[in-house]
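Protein chains in written order, with our numbering: chain A, 1 to 836; chain B, 1 to 224.
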């Protein structure tokens, strides 16, 4: 058999016959691939940049010794003396609060002569220092290229850093080469940094280079034996992983959401090819009768999908690269979430990445077409050649398969996260959606059984048509279901999150005015005396203070944020949104601590538990007096009484002062009095409405990209609906011709089609609401909790969902009517001559 | 019942040609005629013009006292729905409706109530010998059976005029004879006028008069 006539008849011909539908399929695959590829590229570029930046802080070091509380500098000579250590380089790291703008700059205090042996780029620094006064000039700072760029500073410029309530002026002594220090940072002499930032006798880190041939593990153990309990030995690789860890869940969720578009595209391929297979049933039977084997039929259908998939994937990869470039430039490597501020990620695309996403697009197209292709190959020739479409009304239900898939989804849901990612949750969502699609024949059957009876002839014929083409109907409804359920679930999750965040900001901000200076590890802070004076300002009824610090809840773990709050008049529990409390009391000297949900999840702490808190090198026994909802500290946070904090650390500085005003006092009227009290200090002054607005703005910025991804998934779903309904309607020209002969007016046919579209749309929307509601619950209670450890209260956007439902049903009806008009624009009277 | 007066119809476009030229025809109630002609002679076009599915370039068509030219599309549709019945070569039963619902559809379209529909459907299906198959779907029937149902559907609402376009083209000789006999019987019973378009001289012979449609016009066949 010659291949070309067969390919022409069964592959090229059908592709040519429906150019519009095939173009839609191609665009759907292209959009799915483009989104997935763009998000992947942006994530990967940002992650590369973060890793590079974190790694560049360590230079050629093999190991690093770190402690959240800081290391005693007397440890340094002991580390340097450990056998196998070729070089030890001490580092002091401070977050210098920028005086003239929001934010901070990482300042690294280094021993230039030692660090240059680990970081060749610092040789220039050492050289400069050794030549002149810069070597010991405590004002001198060398900026990394990215810091110089962002702060718009060059050699000779000044840089003001807030230390405590004072401003320290530094002089930019030079700008380091880009490759030397990728991070946005400044480098200065270690002694100057210790002196200027109140870190005398303290180190943040000791970078260690091993002698060649020394077993790293042995040295690591030897060093570990010298360390205090809250210090740890790490590797630069682990450190760069830590730098990425916080954003990992966010990046993974975005990737999953981007792949939803591809999944929807794959389902679009499935529904379109299934419809085409049903329509071409007789054509397949004829081909088989003429001698085309079942295997050839299977291959031909898959090949047509592969061709569409290839075109779509290539287009998608091109669009993906463009979108990634635009995305990186416009909203940054964290896509607006604020994880990587100041990061200037560069986009580089490798050949294997392009190949992988092309293959993914083609695979999705082939997998989507697999079942229709098998059905095409199984068309019973004799039956299909007979007049009348027997198979379109067959409705095979799969009750057991549906039950098994849903049961599997429930079981998967019980599994813990894998590598910290909610993969079981995503798998359960996919299973649930697939289960709903498989259940669709049963649902359609039930709907038809209980469809209300009406005298309207168009209604009766429309319902009979849906019943008679139940398989077509099932596929059309499924297309609506998949896209709409995902849209519903995202809408529910985002609304729940936003509503909870809004309530949370109102609940944790009970004061009238907040004065804030500095944050964890930042150089700026307010003195205790200043806090007292703020509290004594005219019009202030009372005040509370807060201090941020690093703490550890377990050895060798990441630090959590410690918040030391005063409880002058407001008890700590009443200032938090507690989700768990206990009546039991702490034993012995254990201090009362209120643990955030993230910290409770990460460290397995429950209310009433006793645990150890490492704070500034001190080991404190703590008692979990409560668990609180916290949307601010993804790494976890612990609140303790400031009296306990001062007792343990001796640190009386504060970062926030919350002021409760007397009745009738205008918060804005207090601004001048505060300015007079802190004339040379750059502080933040906010009222609760300001903070609420800022937090909601940040939320909307973070979720802007998810709205976009969701929109594209819905768009692809609408393609599916349009293609499904229009293909069906266009194939019914003959039927419209007969109806016209029988006396149906054009308006009656339009009404019939509108009813068909609306009924299919309504069924899809109803099941989509139900499925989307369940998926939304999984997103809220499983995926989000496992990703970010944030709980939230369920809030469904009723009006939004009702409006979207109405729009979708109207769209389905409209598409049916428009397609009907298109079908009737040609001579439907002649269509009765065609053998349909 | 039907008056066709000097009707002309030309197809325009790439394959422009005169299809019908000065065609005239009178048909009284109870009259049953056959129109024969070669493929492309315009037989189906004439049926479409009579049915109001197409409009002539000139000339006049009056059905049951209504001048088609005075009616818009909706008006012609209402006239067709109430006064005409159709039988097609390919049966064209709606595949998703049962036999009974197919037959009842014209009645429903004309506003009959359910009880009346049920009575008439039973009556007409009984007349064409298909009552025992009323719950079946079209794909469960043979060709002859489908055409019996199509006849029942065409006559269910007691039309004044039945238009049959090659109704036996898809049937074997025995079935064709049976269907034609049934059609004539039913037309006579309802005193309806009928136009049978066919290539078959055997089929045409069942009509009261036979016309031949050619480029020169519509003429009564001398053999009739």
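All C-beta atoms, glycine included, are put in the ideal place defined by N, C-alpha and C.
Just so it is clear, the structure is predicted and the values come from calculations on it, not from any experiment.
Item                                                                                                                                                                                        : Value
Could you give the uninterrupted runs of the alpha helix (DSSP H) lying entirely in the stretch 180-264 of chain A, keeping only those of 4 residues or more?                               : 190-196 and 216-224
Rank 231/A, 561/A and 65/A by C-alpha distance to the C-alpha of residue 868/A and give the top, closest one.                                                                               : With chain A represented from 1 up to 836, any question about residue 868/A goes unanswered, as that position is not in the structure.
Spatial neighbours of residue 816/A within its chain, please: CB distance less than 7 Å, with the 5 preceding and 5 following residues excluded, ordered by chain position.                 : 725, 729, 753, 754, 756 and 757
Using CA coordinates, which residue listed in 809/A, 609/A and 635/A is at the minimum distance from residue 624/A?                                                                         : 609/A
For residue 90/A, list the residues DSSP reports as bridge partners.                                                                                                                        : 206/A
Can you give me, in chain order, the residues of the stretch 408-435 of chain A that have a beta carbon less than 8 Å from any beta carbon in chain B?                                      : none
Report the rounded CA-to-CA distance for residue 62/A versus residue 633/A, giving the unit in angstroms.                                                                                   : 30 Å
Tell me the rounded alpha-carbon separation between residue 810/A and residue 819/A.                                                                                                        : 14 Å
Report yes or no: is there a C-beta of chain B within less than 7 Å of the C-beta of residue 465/A?                                                                                         : yes
In the structure shown, what three-state DSSP assignment does residue 605/A receive?                                                                                                        : coil
Around the Cβ of residue 219/B, are there at least 16 other Cβ atoms within 10 angstroms (buried) or fewer (exposed)?                                                                       : exposed
Please classify residue 18/A: does DSSP put it in a helix, a strand, or coil?                                                                                                               : coil
Could you tell me the distance, in whole angstroms, from the CA atom of residue 698/A to the CA atom of residue 593/A?                                                                      : 29 Å
Which same chain residues, not among the five before or five after residue 695/A, have their C-beta less than 7 Å away from its C-beta?                                                     : 501 and 505
Might you give, ordered along the chain, the residues of its own chain that have their beta carbon closer than 7 Å to the beta carbon of residue 139/B, omitting 5 neighbours on each side? : 95
Just curious, the alpha helix (DSSP H) that residue 657/A is in, first and last residue?                                                                                                    : Note, residue 657/A: premise wrong, no alpha helix (DSSP H); beta strand (DSSP E) at 656-661.
Measure the C-alpha to C-alpha separation of residue 366/A and residue 297/A and round it to an integer number of angstroms.                                                                : 14 Å
In whole angstroms, give me the CA-to-CA distance for residue 136/B and residue 360/A.                                                                                                      : 48 Å
Using a C-beta cutoff of 7 Å, does residue 729/A count as contacting chain B?                                                                                                               : no
Could you tell me which residues DSSP pairs with residue 403/A in its beta bridges?                                                                                                         : Residue 403/A pairs with nothing; no bridge assigned.
Please confirm whether any heavy atom of the ligand SAM lies closer than 6 Å to the CB of residue 377/A.                                                                                    : Here there are no bound small molecules, and the ligand SAM is not part of this structure.
Should residue 186/B go down as buried or exposed, given a rule of 16 or more other Cβ atoms within 10 Å for buried?                                                                        : buried
Would you verify that the beta carbon of residue 732/A is, or is not, closer than 7 Å to some beta carbon of chain B?                                                                       : no
Tell me the residue span of the beta strand (DSSP E) that contains residue 21/B.                                                                                                            : 17-27
According to DSSP, is residue 465/A helix, strand or coil?                                                                                                                                  : helix
One question on the structure: do residue 161/B and residue 2/B come within less than 7 Å of each other, judged by their Cβ atoms?                                                          : yes
Between residue 757/A and chain B, is any beta-carbon pair separated by less than 7 Å?                                                                                                      : no
Note down, in chain order, every chain B residue with its Cβ under 8 Å from the Cβ of residue 579/A.                                                                                        : The contacting residues do not exist; residue 579/A stays about 56 Å from chain B at best.
Helix, strand or coil for residue 1/A? Go by DSSP, reduced to three states.                                                                                                                 : Because the pLDDT of residue 1/A is 44, which lies under 50, any placement of that residue in the model is unreliable, and the number read from its coordinates should be weighed accordingly. Three-state DSSP puts residue 1/A in coil, outside helix and strand.
Tell me the rounded alpha-carbon separation between residue 76/A and residue 211/A.                                                                                                         : 17 Å
Can you grab the Cα-Cα spacing for the pair residue 798/A / residue 369/A, in whole Å?                                                                                                      : 36 Å
Return the first residue and the last residue of the alpha helix (DSSP H) that residue 102/B is part of.                                                                                    : 99-109
Buried or exposed for residue 672/A, going by 16 or more other Cβ atoms inside 10 Å?                                                                                                        : exposed
Are the stretch 36-47 of chain A and the stretch 308-328 of chain A in contact at 8 Å, needing three or more beta carbon pairs?                                                             : yes
One question on the structure: do residue 628/A and residue 578/A come within less than 7 Å of each other, judged by their Cβ atoms?                                                        : yes
Take residue 582/A as the anchor and find which of 595/A, 67/A, 733/A and 21/A has the nearest alpha-carbon.                                                                                : 595/A
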